[in-house]
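Asks: Got a structure for you, written out below as structure tokens; questions coming shortly.
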Amino acid sequence: METVVTLPLVLPPVATGLVLLKMFGRRGPIGHFLSQHFDVDVVFTWRAVVLAAAVMSFPLLARSARVGFQGVDQRLEQIARTLGASDMRVFFTITLPLASRGIAAGIVLAFARAVGEFGATIVVAGNIPGKTTTLSLEIFSAVQLGHDASAYRLLVVCVVIAFSAVWLSEVLMKKRSMG
Amino acid sequence: MKLAIRHLSLRLHQFTLGVDVDIQHARTAIFGPSGAGKTSLLETIAGLRKPDSAKISFNGQLFDDSGRNYSLPVRLRRLGYVPQYDSLFPHLSVQRNLLYGSNRKPKDHTLEFHHIIDFLEIGHLLDRHVHSLSRGENQRVVIARALLSAPQLLLLDEPLTSLDAKLKNAILEQLQALHSEFGIPVLFVTHDPAEAIAICEEVLLLQAGRITARSNPAELLG
């Protein structure tokens, strides 16, 4: 399972996009099922953009969250049990809060990766103006067309989003550490 | 009280902990040198370690019976466990730590809550963050948290280790009065004869995983 989750991290993004295209295309096993039973098309729609971003960024979230959970002192979970807490209460009141730094760091990394996603998105969602164009795809188009000013404006947007994400995660983590 | 430990066997690094004992005194010390298996014994009673074999019961309630592959979950044993290591939850305030085992909201303080807080003199610490506590304050809060969970037995694992002499004496006095004040029996692990003599009615001498002697503290250690 872990290997499957990590695969998008090591595969070329275009290759991951191709796998998604084959799986979620109308003739693909999942795409066919969704189209037949729910009348939902995935490829070359906004859903494909979300799918590509999620698949490409999930390994970063999963790995960072795992490090967060592994860093939780199991003895504190044991102590919580001696105080009468059920496994579910231990998880939500001890394990999850203590792993929150790792999870938050993972969310930020995953978000940044999702914003920068290009290869898988262009294969599975295309670059349809007003429909599946992402920030990264729009910058690419602007550079291709020689619209440098437009590309730089979008670059600034990217920087603002990235800066805000990192700032927000630091604020959240500071709040958590203050209890 | 009656804590019955039958045929306890637990393989440790250097020896096998082998204990077969009935504990009936309300204030009993498990005394022995470092590495004798004292903490392992306490953790096994608390359910934090799975013995290779054992039948353990407390006041008729079965805790472990390896013959029937039975082990009562830790949370149902109602044992107040005070470990050697720093065990306050670092993301919660002192008050929330104290109330963790009693399932109450911070504003729902009971008479019992005030009694315990006053007894251990930690009222001024309630709104503090655990990181700001001294070692002595930390230990008093851990003991109070265990008491507030309404335990049927208190397991104290060298609670005075690493405290300076003045603090040690102050908390020792509180531990001496603990049983008479709250009526909760205490099983106290220590390697300090003075602590055992001050607090307990009976001492079990544990050496290399075996109980080699038991008597009243003054006779055995005095």
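So the protein sequences, as listed, match chains E and S.
Here this note's numbering = 1-based position in the first sequence + 40.
Here this note's numbering = 1-based position in the second sequence + 162.
We put the CB at the ideal spot given by N, CA and C, even for glycine.
Just so you know, these numbers come straight off a predicted model, no measurement behind them.
Under 9 Å between C-beta atoms, does isoleucine 70 (chain E) make it to chain B?
Replies: Absent from the structure: chain B. Protein chains present are E and S.
Asks: State the Cα-Cα distance for the pair proline 213 (chain S) and serine 228 (chain S), rounded to the nearest angstrom.
Replies: The straight-line gap from Cα to Cα measures roughly 8 Å.
Asks: Which residues does DSSP pair with leucine 318 (chain S) in a beta bridge?
Replies: S:Val244 and S:Phe350.
Asks: Quick check on serine 202 (chain S): buried or exposed, where buried means 16 or more other Cβ atoms within 10 Å of its Cβ?
Replies: Under this definition serine 202 (chain S) is a buried residue.
Asks: For the alpha helix (DSSP H) containing lysine 330 (chain S), name the first residue and the last one.
Replies: Taken as a continuous stretch (DSSP letters only), the alpha helix (DSSP H) holding lysine 330 (chain S) covers 327–344.
Asks: Would you mind working out which of S:Pro252, S:Leu349, S:Arg239 and S:Leu210 sits nearest leucine 224 (chain S), comparing C-alpha positions?
Replies: Answer by Cα proximity: S:Arg239.
Asks: For phenylalanine 386 (chain S) versus leucine 315 (chain S), is the C-beta distance shorter than 9 Å?
Replies: Lying before the first or after the last residue shown, residue 386 (chain S) is absent from chain S, which here runs from 163 to 384.
Asks: Give the DSSP bridge partners of isoleucine 373 (chain S), in chain order.
Replies: DSSP lists S:Leu368 as partners of isoleucine 373 (chain S).
Asks: Would glycine 222 (chain S) be called buried (16 or more neighbouring beta carbons within 10 Å of its own) or exposed?
Replies: So glycine 222 (chain S) ends up on the exposed side.
Asks: Is the stretch 369–384 of chain S touching the stretch 180–199 of chain S in the sense that three or more CB pairs, one from each, lie closer than 8 Å?
Replies: The answer is yes - the stretch 369–384 of chain S touches the stretch 180–199 of chain S, with three or more Cβ pairs under 8 Å.
Asks: Tell me the rounded alpha-carbon separation between alanine 339 (chain S) and proline 252 (chain S).
Replies: The straight-line gap from Cα to Cα measures roughly 29 Å.
Asks: Checking 9 Å against the spacing of the C-beta atoms, do leucine 123 (chain E) and arginine 237 (chain S) come in under that value?
Replies: Yes; because the gap between Cβ atoms is below 9 Å, this pair is in contact.
Asks: Do you know offhand how far histidine 72 (chain E)'s Cα is from alanine 55 (chain E)'s?
Replies: If I take the Cα positions, the gap works out to 21 Å.
Asks: For leucine 233 (chain S) and alanine 216 (chain S), I'd like the C-alpha separation in whole angstroms.
Replies: The sequence given here places serine at residue 233 (chain S); leucine does not occur at that position. Serine 233 (chain S) and alanine 216 (chain S): Cα-Cα distance of roughly 10 Å.
Asks: Here's the rule I'm using: 16 or more other beta-carbon atoms within 10 Å means buried, otherwise exposed. How should asparagine 331 (chain S) be labelled?
Replies: Result: exposed.
Asks: Leucine 238 (chain S) CB to nearest chain E CB: under 9 Å?
Replies: Chain E, which has a Cβ nearer than 9 Å to the Cβ of leucine 238 (chain S), makes this yes.
Asks: Verify the CB distance criterion: does isoleucine 162 (chain E) have a CB-CB separation below 9 Å to chain S?
Replies: Not closer than 9 Å to any Cβ of chain S, the Cβ of isoleucine 162 (chain E) fails to qualify, so no.
Asks: Would you tell me roughly how many angstroms separate the C-alpha atoms of leucine 288 (chain S) and glycine 170 (chain E), rounded to the nearest one?
Replies: Cα-Cα distance, rounded: 56 Å.
Asks: Using a Cβ-Cβ distance under 9 Å, would serine 219 (chain S) count as near chain E?
Replies: Output row for serine 219 (chain S): interface = no.
Asks: Which residues in the same chain have their Cβ closer than 7 Å to the Cβ of valine 181 (chain S), if we skip the five residues on either side of it in sequence?
Replies: Ile167, Leu170, Leu203 and Ile373, listed in sequence order.
Asks: Determine the burial state of asparagine 231 (chain S): buried for a count of at least 16 other Cβ atoms within 10 Å of its Cβ, exposed for fewer.
Replies: Asparagine 231 (chain S) is exposed by the Cβ-count criterion.
Asks: Can you pull the DSSP bridge partners for phenylalanine 193 (chain S)?
Replies: Note: phenylalanine 193 (chain S) sits in a beta bridge opposite S:Thr352 and S:Leu367.
Asks: Going by beta-carbon coordinates alone, are isoleucine 278 (chain S) and alanine 306 (chain S) separated by less than 9 Å?
Replies: Taking 9 Å as the Cβ cut-off, isoleucine 278 (chain S) and alanine 306 (chain S) qualify as a contacting pair.
Asks: Let's test the definition: count the other Cβ atoms within 10 Å of the Cβ of threonine 174 (chain E) and tell me whether it reaches 16, buried, or not, exposed.
Replies: Classification of threonine 174 (chain E): buried, given that the 10 Å Cβ count is 16 or more.
Asks: Is the beta carbon of alanine 139 (chain E) sitting closer than 9 Å to the one on valine 112 (chain E)?
Replies: Their beta carbons are under 9 Å apart, which means alanine 139 (chain E) touches valine 112 (chain E) by this criterion.
Asks: Could you give the C-beta distance for leucine 325 (chain S) and leucine 349 (chain S), rounded to a whole number, given that I count them as a contact under 8 Å?
Replies: The pair is not a contact, with the Cβ atoms about 20 Å apart (cut-off 8 Å).
Asks: Can you tell me whether tyrosine 411 (chain S) is helix, strand or coil according to DSSP?
Replies: Residue numbering for chain S in the displayed model covers 163 to 384; residue 411 (chain S) lies beyond these limits and cannot be assessed.
Asks: Can you give the Cα-Cα distance for cysteine 198 (chain E) and valine 155 (chain E), rounded to whole angstroms?
Replies: So the two alpha carbons sit approximately 8 Å from each other.
Asks: Apply the 10 Å Cβ neighbour rule to glutamate 343 (chain S) and answer buried if 16 or more other Cβ atoms are within range, or exposed otherwise.
Replies: Label assigned to glutamate 343 (chain S): exposed.
Asks: Chain E partners of tyrosine 232 (chain S), CB-CB under 7 Å?
Replies: Within 7 Å Cβ-Cβ: nothing; tyrosine 232 (chain S) doesn't reach chain E, min ~17 Å.
Asks: Do you know whose CA, among S:Ser264, S:Val256 and S:His187, lies nearest histidine 286 (chain S)'s CA?
Replies: Checking every option, the nearest Cα to that of histidine 286 (chain S) belongs to S:Val256.
Asks: Please identify the residue among E:Leu60, E:Gln76, E:Arg121 and E:Arg67 whose C-alpha is closest to the C-alpha of valine 95 (chain E).
Replies: Taking only the C-alpha atoms, the option nearest valine 95 (chain E) is E:Leu60.
Asks: If you follow the alpha helix (DSSP H) that arginine 66 (chain E) is in, where does it begin and where does it stop?
Replies: No alpha helix (DSSP H) holds arginine 66 (chain E); DSSP gives it neither H nor E.
Asks: Arginine 9 (chain E) touches chain S at which residues, Cβ-Cβ below 7 Å?
Replies: In this structure chain E extends from 41 to 219, so residue 9 (chain E) is not present and cannot be described.
Asks: Do you know offhand how far glutamine 118 (chain E)'s Cα is from glutamate 157 (chain E)'s?
Replies: Glutamine 118 (chain E) and glutamate 157 (chain E): Cα-Cα distance of roughly 41 Å.
Asks: With DSSP as the reference, label glycine 219 (chain E) as helix, strand or coil.
Replies: The predicted model places glycine 219 (chain E) with a pLDDT of 46, which falls under 50 and marks its position as unreliable; any figure quoted below should be read in that light. Coil.
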